[in-house]
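What follows is a single structure, written as structure tokens, with notes after it.
Chains as they are written, first to last, in the numbering used here: chain C, 270 to 706; chain U, 154 to 609.
Here it is in structure tokens:
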């Protein structure tokens, strides 16, 4: 099912029939649009007297263009002054009623979350402030300058962390000229070049109703949730949804990068462009990856690297599905003098897995874990909220959660093998190593 | 057989925050305590086994042994081979792991509610029947050393904290890092692990906490079936090893490759288990909230946004510890300030708490947050079980959880000032400063090899 982006106001697209087979204690997802085009996803959860609201804009660092760090800088400034309230006043008003404001600036998304008690005497003041933060950030000069300095310290701090150095180099190497290559936190040079006008312009273009998804979970009824969403977005222009990002090209050859760092361990990342949200191979790759390196201590990578050889505390692989193909990444950290051995094991495990695929027993175990864990994925308001945001932001069908297990069950060995062979080329992987010789 | 040791936590008709979140306590014949917290919002269950043992039970030479043993608990019994525990839980759709603290070691599984017996069967088996094998141990202790490198050796702030902690406490076992000193990990033997397992892993030294969509009576019957037959053992509780009285400020410098300087300050303060005046820990909790209970608290408002001396600054205190602990302040200076300026600013904040009572709006804000957090915490079944397990293992009793809100609400500005005056003074203070060294990889390579003891 696709979600209409323009016309339908206040229409529930998901009907109760979505829930013919009970999966877990979660009410059906309700969906509508505000008058100015923000897409709203709501699940009532009456048990606790609280509400979680998450607003997601297509305003992540993929929208930085030639100003690395612009999206994150903008997001960072939102609660530092808005609607004439100072950063001090914003914080005091929210915290005075026990509300929690948090946020995240990712490559695809700018996320703002509010958690509040549902009693109007707490919720109303919290919502009033949250609305100003979303719609009318002031970008005062003094705040911009101060936060720029703090972001610069943050950049320095990241440089002393080998894992963060590796991650940055990995995205740069994986994505070349694609917007996903841009370092989300910017560079010292790029941050210094961003002025208030650039921040304002970014907010004006991307923090608009048609570019927003609102997820709500809590002790509200439909009418209250509608009123809440309307209040949050009333001050936003309708605007335009951000243009689709360009497709991610394949890596044409293997590439290696070694960055010296005074660490006792070498951090190793190996990968290539993986899959996007809604990818036709999503389930085959997701389930197949559980066997390779997604299933905690029972995966092949964990068995080979950690259990058999004691080379690393953490070793994993994942596909991060994004609007465009997010990374497929394998990673570990090991004592510098063991890096070559660990890398060899990592690569050999991948090569063999892509060539042979999982065994029937491994696939069965993966299916059992994933389907058997369905109830755990939605056992709190917070987790349901995250799912709503993802379903909404990436236009996934409203029955995504209900049909999830059936799609996992339906996978065959051949489908998983075929997907891995088509989607991963062990000979064309990017390898990043950060550590001492 | 299982006897109920206490009635349900409260009168069901009384003010329960959520629909049906009652707590039930039972004692098995072998001395294992079972606590069941009902939460019927989702068809899931969390099972946690908490042992009274952690790094503060250790001594020099075997530091880190509780944590290494925690790793070895996944390496098999007579009945289940190495790694089989994890494989069975995974095939049941579960999540599982374990964690070690100063005062506890805990193991947990989250499962669909019907699969609780799977967790009980495995967990009861490894409580008494662990097979410690040299080959598995040799590999796993290497994994723990890699964990230490990742968390501590290559993390300048963590390295600074570890040394700060070892200097702040001289005679208290809280000086011991949970993960252990590298040299002690290298010298650890299988025999020592055997002895540690026999000493602490017995039903009468464990608390089983179950939270979720379960029936307390059924859980009790299951616990009796799986854990009931386990033989109790003689467990000698650790001797008190109180911290000696501090006589003057302690100060250290930690040099490590880094880009950003870092400062930690800690004042010796009482905790609930040690406080002579039982309101004091709650007053200290409020005091920490006045300094750093969010973005409107004093440190963010006055040091990050106001004077802009700090790029970041925070404060923390926990009243739930077994022995005397610390109220901590830490931070990084803004780029045009140094650590000395940040220290002065933090000391001025502390002086202000001693010199003047906190304002009514500040007090109200902290109390509003505590009230709200009480509700928010109910959203996580896992967290609810954690709180119960922690309080039980510290010997405080889970009922203390219910006291938290009213005790915080009762704290006055005068009490906050009184604890500031009594405890936040120079003679109880320890300071550590990270002195950033050049990030040149070659310079460090040699030093790190020596420090880590891994010279090829």
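Where is the CB? At the ideal position from N, CA and C, for every residue including glycine.
Residue from the options with nearest C-alpha to residue i
| i | options | result |
| --- | --- | --- |
| residue 639 of chain C | U/184, U/183, U/191, U/244 | U/244 |
| residue 396 of chain C | C/369, C/662, C/557, C/435 | C/369 |
| residue 484 of chain C | C/613, C/561, C/406, C/383 | C/383 |
| residue 525 of chain U | C/326, C/385, C/508, C/540 | C/385 |
| residue 416 of chain U | U/340, U/472, U/314, U/324 | U/314 |
| residue 195 of chain U | U/531, U/541, U/475 | U/531 |
| residue 451 of chain C | C/424, C/376, C/625 | C/376 |
| residue 472 of chain U | U/441, U/462, U/484 | U/441 |
| residue 222 of chain U | U/561, U/439, U/353 | U/353 |
| residue 448 of chain C | C/495, C/358, C/562, C/593 | C/593 |
| residue 246 of chain U | C/652, C/637, C/650 | C/637 |
| residue 306 of chain C | C/507, C/670, C/693, C/529 | C/507 |
| residue 274 of chain U | U/241, U/252, U/485 | U/241 |
Residue i: contacting residues in chain U (beta-carbon distance under 9 Å)
| i | result |
| --- | --- |
| residue 674 of chain C | Under the 9 Å cutoff, chain U gives no residues; its nearest Cβ is about 10 Å from residue 674 of chain C. |
| residue 602 of chain C | 299, 302, 303, 307 |
| residue 297 of chain C | Chain U residues near residue 297 of chain C: none, gap ~15 Å exceeds 9 Å. |
| residue 319 of chain C | 525, 528, 529, 531, 532 |
Residue i and residue j closer than 9 Å at C-beta
| i | j | result |
| --- | --- | --- |
| residue 220 of chain U | residue 397 of chain U | no |
| residue 602 of chain C | residue 412 of chain U | no |
| residue 367 of chain C | residue 292 of chain U | no |
| residue 537 of chain C | residue 608 of chain C | yes |
| residue 257 of chain U | residue 546 of chain U | yes |
| residue 644 of chain C | residue 475 of chain C | no |
| residue 579 of chain U | residue 419 of chain U | no |
| residue 327 of chain U | residue 423 of chain U | no |
| residue 411 of chain C | residue 351 of chain C | no |
| residue 307 of chain U | residue 534 of chain C | yes |
| residue 362 of chain U | residue 492 of chain U | no |
| residue 482 of chain C | residue 342 of chain C | no |
| residue 509 of chain C | residue 465 of chain C | no |
| residue 707 of chain C | residue 407 of chain C | Because residue 707 of chain C is not part of the residues shown, which for chain C are 270 to 706, the question remains open. |
| residue 413 of chain C | residue 347 of chain C | no |
| residue 381 of chain C | residue 324 of chain C | yes |
| residue 542 of chain C | residue 515 of chain C | no |
| residue 330 of chain C | residue 529 of chain C | no |
| residue 361 of chain C | residue 458 of chain U | no |
| residue 569 of chain C | residue 556 of chain C | no |
| residue 626 of chain C | residue 567 of chain C | no |
Cβ-Cβ separation, residue j to residue i (assumed contact under 8 Å), whole Å
| i | j | result |
| --- | --- | --- |
| residue 544 of chain U | residue 550 of chain U | 6 Å |
| residue 445 of chain U | residue 468 of chain U | 4 Å |
| residue 502 of chain C | residue 303 of chain C | 5 Å |
| residue 457 of chain C | residue 421 of chain C | 6 Å |
| residue 496 of chain U | residue 584 of chain U | 7 Å |
| residue 287 of chain U | residue 343 of chain U | 5 Å |
| residue 462 of chain U | residue 487 of chain U | 6 Å |
| residue 538 of chain U | residue 272 of chain U | Wrong, their Cβ atoms sit about 12 Å apart, outside the cutoff. |
| residue 590 of chain U | residue 392 of chain U | So it is not a contact: roughly 40 Å between Cβ atoms. |
| residue 697 of chain C | residue 520 of chain C | 5 Å |
| residue 590 of chain C | residue 540 of chain C | Not confirmed; about 14 Å, so no contact. |
Chain U residues whose Cβ lies nearer than 8 Å to that of residue i
| i | result |
| --- | --- |
| residue 647 of chain C | 195 |
| residue 651 of chain C | 532, 533 |
| residue 557 of chain C | Those do not exist, as residue 557 of chain C stays about 16 Å from chain U at its closest Cβ, beyond 8 Å. |
Per-residue contacts from residue i into chain C (C-beta, under 8 Å)
| i | result |
| --- | --- |
| residue 227 of chain U | 566 |
| residue 382 of chain U | Result: empty, since nearest Cβ-Cβ is about 28 Å, beyond 8 Å. |
| residue 190 of chain U | Near residue 190 of chain U there are no residues of chain C at all, since even the closest Cβ is about 14 Å away, more than 8 Å. |
| residue 518 of chain U | 361, 364, 365 |
| residue 522 of chain U | 364, 367 |
Neighbouring residues, chain C, relative to residue i (Cβ below 7 Å)
| i | result |
| --- | --- |
| residue 295 of chain U | 579 |
| residue 449 of chain U | 357, 360, 361, 364 |
Partners in chain U for residue i, counting only beta-carbon separations shorter than 7 Å
| i | result |
| --- | --- |
| residue 644 of chain C | 195, 196, 197, 265 |
| residue 570 of chain C | The premise fails here: residue 570 of chain C is roughly 14 Å from chain U at the closest Cβ pair, so nothing lies under 7 Å. |
Alpha helix (DSSP H) runs contained entirely in the segment 460 to 496 of chain C, provided each spans 4 or more residues: 465 to 475
Please go through the segment 609 to 683 of chain C and give each complete beta strand (DSSP E) segment of 3 or more residues, from N-terminal end onward. none
In chain order, which continuous runs of the beta strand (DSSP E) of length 3 or greater are located wholly inside the segment 375 to 403 of chain C? 379 to 386
Mind listing, in chain order, the continuous beta strand (DSSP E) runs of no fewer than 3 residues lying wholly within the segment 552 to 580 of chain U? When DSSP assignments are scanned along the segment 552 to 580 of chain U, no uninterrupted stretch of beta strand (DSSP E) that is 3 or more residues long falls wholly within it.
Could you tell me which whole alpha helix (DSSP H) segments of length 4 or greater appear in the segment 425 to 478 of chain U? 433 to 445
Sequence ranges, alpha helix (DSSP H) only - wholly within the segment 326 to 383 of chain C, length at least 4: 339 to 346, 356 to 365
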